[in-house]
Structures are given as C-alpha cells and as structure tokens.
Amino acid sequence: METPGSAPSPQAAPDTTALDAPVTLDAPRRVSGPVWRFLIEPRWLGWHAFTVLAIWGMLWLGDWQLHRAMAGNGLSWAYTFEWPLFAGFGIVFWARTVRDEFRLRRGVMPAAGDASAAAASAIALPEGIGTRQIERPGDDADDGDLASYNAYLAKLHSEVKGSGKRRSFW
C-alpha cells in the first residue's frame, strides 16, 4: 500500500506470453511460437463444429426449399435463395472471428473504428464538435398565434377528458 509521497512498491511484471493469460484490448498479448494453435483448443473446436453444422443445416434447408419450389410452391422460391445467403453470412462471421483472434494474439491493436478506440477519441474532440447545452427559448407569452393554439389544445383536452371516450392502453 502506498502513502502519499512514498515510492511505489516494485511488482513483478505479468507474463504476457502464456496462452491462458487474460486478454485486454489495452495491452494485447504476444504469443511465442505459432499463433494458429488457438484454433485447435477445445473451445475453438466446438465453434468450428457448430459453424460446420449450422452451414450444412442452412444449405440443406435451401435444398429442401428448392425441391418444394420445383413441386409448385411459389413461396419456397424466396427461401431457396435465402438459406444459402444465411450460410454465407455464417461463413463471413466465422472468418472475421478467426481473423480478429489472430490479430489479437499477434498483438495488433484494434482498428480506429472499434468501440474502444471511439471511446478513447471522444475525450479529445476538436473545438465546436460534440454536445453543448442549448439555451432555452424565451417566454412566448407575447406570441398571439401560440397562445390561441395552446387554448385550442386545452379545449380539445377538456372535451376528451369529459366525454368518457378516452382510449388508453394503461
């Protein structure tokens, strides 16, 4: 524990080369040896199996819809093309996930468009950009058109309130 004015106590630097070390976006870890080894970890093997089964299932559903469409079901033509499109999205998602994990394990910093980079850059906005308090408009009591419109709205409100026909969902 430090007290004001005292020197910080020396601490051992954490080992960032271990494969099971926690990963943070602030300090990406560098792995010694082949980077691709994470692909054969049990967690990743499960993701690969899920991806293959999901893509196979979507392609099978597309084939099933094609056979239904050929038999005369007109609505199935849309699904014939929709299921392979979903399979393509699954492939793209899987490939981007693997690519991002490779980048993280190699120690490459995230791109500028990521949320963490956007949060860091939000502090240093140029002058005139960002949010600022807007002045409230002055009192509009001298505006005749606004006063007559407000009176009209008050009259409508009193008519609806007294008629018993008010429809409300709560």
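Note that the sequence shown ends on residue 1227 in our numbering; no numbers are left out. In this text, a Cβ means the ideal position worked out from N, Cα and C, and glycines have one as well. Just so you know, these numbers come straight off a predicted model, no measurement behind them.
What is the rounded straight-line gap between the Cα of E1192 and the Cα of A1204?
-> 22 Å
Are three or more beta carbon pairs between the segment 1140-1147 and the segment 1107-1115 nearer than 8 Å?
-> yes
Selection from A1106, E1098, R1160 that minimises the alpha carbon distance to I1148 = A1106
Assigned exposure category for T1154 - 16 Cβ within 10 Å defines buried | exposed
List the endpoints of the continuous alpha helix (DSSP H) containing A1128.
-> No alpha helix (DSSP H) holds A1128; DSSP gives it neither H nor E.
Which class does I1097 belong to by DSSP, given the choice of helix, strand or coil?
-> helix
Distance between N1207 and D1199 (C-alpha atoms, nearest Å) | 13 Å
For R1162 versus V1092, is the C-beta distance shorter than 8 Å?
-> yes
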